[in-house]
Amino acid sequence: MRLQELLQGIDFALVSGSTDTEITDVVYDSRNVVKGCVFVCLVGANADGHEFAQAAAEKGAAAIVISKEIAVQGVTVIKTADTRMALAFMSAAYFGRPAEHLITIGITGTKGKTTTAFMIRSILEKSGIKTGVIGTLGIMIGEKLTKTSNTTPESYEIQKSMRKMIEEGCRCVVMEASSQGFKLHRTQGFVFDYGLFTNLSHDHIGGAEHASMEEYRECKSRLFRQCRTGIVNLDDPATPQILAGHTCTVETFGFDSHAELRAKNEHLIGKVGYLGVHFETEGVLSLSADVDIPGKFNVYNALAALAVCRHLSVSEQAMLDGLNEVKVKGRVESVNVSGHYTLLIDYAHNAMSMENVLTTLREYKPHRLITLFGAGGNRSRDRRYEMGEVSGRLSDLSVITEDNSRFENVMDIIADIETGLHRTDGNYIVIPDRTDAIRYCMEHAQDGDIIVLAGKGHEDYQDKMGVRTHYDEREVIQKILAER
Numbered sequence: 003m004r005l006q007e008l009l010q011g012i013d014f015a016l017v018s019g020s021t022d023t024e025i026t027d028v029v030y031d032s033r034n035v036v037k038g039c040v041f042v043c044l045v046g047a048n049a050d051g052h053e054f055a056q057a058a059a060e061k062g063a064a065a066i067v068i069s070k071e072i073a074v075q076g077v078t079v080i081k082t083a084d085t086r087m088a089l090a091f092m093s094a095a096y097f098g099r100p101a102e103h104l105i106t107i108g109i110t111g112t113k114g115k116t117t118t119a120f121m122i123r124s125i126l127e128k129s130g131i132k133t134g135v136i137g138t139l140g141i142m143i144g145e146k147l148t149k150t151s152n153t154t155p156e157s158y159e160i161q162k163s164m165r166k167m168i169e170e171g172c173r174c175v176v177m178e179a180s181s182q183g184f185k186l187h188r189t190q191g192f193v194f195d196y197g198l199f200t201n202l203s204h205d206h207i208g209g210a211e212h213a214s215m216e217e218y219r220e221c222k223s224r225l226f227r228q229c230r231t232g233i234v235n236l237d238d239p240a241t242p243q244i245l246a247g248h249t250c251t252v253e254t255f256g257f258d259s260h261a262e263l264r265a266k267n268e269h270l271i272g273k274v275g276y277l278g279v280h281f282e283t284e285g286v287l288s289l290s291a292d293v294d295i296p297g298k299f300n301v302y303n304a305l306a307a308l309a310v311c312r313h314l315s316v317s318e319q320a321m322l323d324g325l326n327e328v329k330v331k332g333r334v335e336s337v338n339v340s341g342h343y344t345l346l347i348d349y350a351h352n353a354m355s356m357e358n359v360l361t362t363l364r365e366y367k368p369h370r371l372i373t374l375f376g377a378g379g380n381r382s383r384d385r386r387y388e389m390g391e392v393s394g395r396l397s398d399l400s401v402i403t404e405d406n407s408r409f410e411n412v413m414d415i416i417a418d419i420e421t422g423l424h425r426t427d428g429n430y431i432v433i434p435d436r437t438d439a440i441r442y443c444m445e446h447a448q449d450g451d452i453i454v455l456a457g458k459g460h461e462d463y464q465d466k467m468g469v470r471t472h473y474d475e476r477e478v479i480q481k482i483l484a485e486r
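In terms of our numbering, the sequence shown is residues 3 to 486.
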C-alpha cells in the first residue's frame, strides 16, 4: 500500500521524501520496525517514540511520522499535529477500514462495560450473529481470548482485531470504549454504529490518567460525537453532560418514566448455583427477563444490552436466552459444583471492589458468606489492611491465602491482611497455598453457603519471585471435584 493512501484524511506536511512510497506495515513500537514500514512516533507516559526515529530509519523504515521538530535522515518524513490521531486513521486504512464491514458497538461508562459487552455478545450469538469483543478481558473472537495491556488497545490493535474478526466470520464487534481510549485517540478512524453510556462515578483521576473529573467526563462524552445512535442511561445524573455537543440520534433506558426502554418489578433470584435478578420491561420492548449475574445494578446493564440488540433483528427469545445464560469470565462467575452451595470466581482485588461484591451477595441472604482472598505483592500495604477489614466486616468466614505475591514473602502479605481483619470481629483462617485454601472451602461448605474466590478472576497465572506459572481456578476446582 502506498503511503499516500494511508494518509488520506490526515492533515500533514511533507518534510522530506515522497508519499509515493510503498509501505509494508504501520508500526508504533520501535522494537517492531521492519523493512519498508512507516514508523509513527508516539509520545507515551514512559517513552517518546521521537527518540527512536533515526534508529527506526536505520533499521529499514521507509517513512517516519512525527509531531516534533527532529532531524531524521534517509527516509520520507511526515509531520502532523497529533501522531496518535494519525496512527488511528493510518491503521484503519492499512487494514481496509474493517469497521465499515461490521456492526460496531462502543460502550463507555465507569462501571458495567465488561458485563454489558458480554450480555450483548450472548444475545447476538443466540441469534446466530457471531460477535467479537474488545475490552478489559482482552480480545475475544469465537472462544479464543487474546489478552491485551489496556481495556481499549492501541488503534492499530483495534483495527487489526476487527479485520481478524471479519476473517473469522464475525458480523458485529462490541468494544469497551474507555476514557483513556478516547483521550489517546485509540478509537479514532471510524464511526460507531451504536454508542452506549452506562454510568459515571469518580474514578481514574490523577497520575497519568485524567487531570480532573471534568476531563474524565469529557473524554467519555466523545463517543456521542463519534457514533450514529447513542443509547444512554437516563437515570444517571451525568447523562446531560455526557450528551453535550452530541451529533448522534439519542435513545434512553432506565427506570425513569421518560425513558424509552424502562425497567420495572425487579427482584433478586437466589437458588443454588444461580444468583441473578429478574425484571420486566416496558416502552419500546415488553419482556420478562432473568439475568444470570447477581445484583440489581445488572438490570441497567441488561437494559443497555436490550436497547442496542433490539435494532439488530434479534428475536425476543434470543434476548431472554442470552441474558439468562450470560457468563462473564471472572465477574461473579458461578462454577458448577456437586453440592448445595454456590461457588463464585471474581476479580475483586481491592477494598472497593470487594465491598461491592460482598454487599451484593449479602442481599441473597446466604447461610454463610465465605470469602477466599489474598493480596498482590509489591503493592500498597494499605490495600491489604483495607481488604482485610472489608472481608472481616462482611464475610462470615475469611480464608486468607496467596495471590501474586511477586517478590514478597506471602506470609508478610498475609500478616498485613490480618492487621485489617483484627479491626473487626470477623472469623478467619490462614491457608497460604491457594489450592489448599480452595479445597478447604469446598470440603467444608454447608448447604446454602456462598463461597467467593476473590482476586484472580479471569487471570490464569500465579506470579511468584519473578516467575509466572499457569494457574486457572476453574481447572483447580475441577481437579478437586475429580479427587472427591
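No residue lacks a Cβ here, since even glycine has one placed at the ideal position from N, Cα and C.
Buried/exposed call for residue i, threshold 16 Cβ in 10 Å
| i | result |
| --- | --- |
| Lys266 | exposed |
| Val2 | One cannot answer for residue 2 here, as it falls past the ends of the chain, which runs 3 to 486. |
| Phe409 | exposed |
| Pro368 | buried |
| Ser157 | buried |
| Pro239 | exposed |
| Ala535 | Limits of the chain in this structure are 3 at one end and 486 at the other, which puts residue 535 out of reach. |
| Ser407 | buried |
| Gln464 | buried |
| Gly457 | buried |
| Arg165 | buried |
| Asn303 | buried |
| Glu477 | exposed |
| Pro296 | buried |
| Gln487 | Examination of residue 487 is not possible in this model, given that the chain is present from 3 through 486 alone. |
Sub-8 Å separation of residue i and residue j beta-carbons
| i | j | result |
| --- | --- | --- |
| Gln182 | Asn152 | yes |
| Gly137 | Glu178 | yes |
| Thr471 | Ala439 | no |
| Cys39 | Asp27 | yes |
| Thr78 | Leu5 | yes |
| Ala95 | Val67 | no |
| Ser129 | Val286 | no |
| Ile109 | Cys174 | no |
| Met413 | Met389 | no |
| Val454 | Leu396 | no |
| Ala90 | Ile25 | no |
| Ile72 | Ala55 | yes |
| Val330 | Thr117 | yes |
| Gly114 | Cys172 | no |
| Gly459 | Asp323 | no |
| Gly272 | Arg264 | no |
Which of helix, strand or coil DSSP assigns to residue i
| i | result |
| --- | --- |
| Glu461 | coil |
| Glu485 | helix |
| Phe41 | strand |
| Ala265 | strand |
| Lys128 | helix |
| Val67 | strand |
| Ala119 | helix |
| Ala306 | helix |
| Phe91 | helix |
| Ile136 | strand |
| Met177 | strand |
| Asp323 | helix |
| Glu156 | coil |
| Val79 | strand |
| Gly108 | strand |
| Glu170 | coil |
Rounded distance between the beta-carbons of residue j and residue i, thought under 8 Å
| i | j | result |
| --- | --- | --- |
| Ile141 | Glu170 | The Cβ separation is near 11 Å, so there is no contact. |
| Thr373 | Val274 | Actually they do not touch by this definition, with Cβ atoms about 18 Å apart. |
| Arg487 | Phe184 | With the chain running from 3 to 486 in the structure shown, residue 487 is simply not present. |
| Leu245 | Ala261 | In fact, because the Cβ distance is near 14 Å, the residues do not count as touching under 8 Å. |
Continuous beta strand (DSSP E) stretch holding residue i: start and end
| i | result |
| --- | --- |
| Thr421 | Thr421 -> not in any beta strand (DSSP E); alpha helix (DSSP H) instead, spanning 412–423. |
| Val293 | 290–293 |
| Asp195 | 194–199 |
| Asp427 | It is not in any beta strand (DSSP E) - Asp427 carries neither H nor E in the DSSP assignment. |
| Ser400 | 399–402 |
| Tyr276 | 276–285 |
| Arg230 | 229–235 |
| Asp451 | Looking at the DSSP string, Asp451 is not in any beta strand (DSSP E), and its letter there is neither H nor E. |
Start and end residues, alpha helix (DSSP H) containing residue i
| i | result |
| --- | --- |
| Met142 | Element bounds for Met142: not the alpha helix (DSSP H) but the beta strand (DSSP E), 140–143. |
| Ala58 | 55–60 |
| Asn358 | 353–364 |
| Val392 | 383–396 |
| Arg441 | 436–445 |
| Ile244 | 241–244 |
| Glu7 | 5–8 |
| Arg219 | 215–223 |
Test: residue i CB closer than 8 Å to a CB of chain D
| i | result |
| --- | --- |
| Leu139 | Absent here is chain D; the protein component of the structure consists of one chain. |
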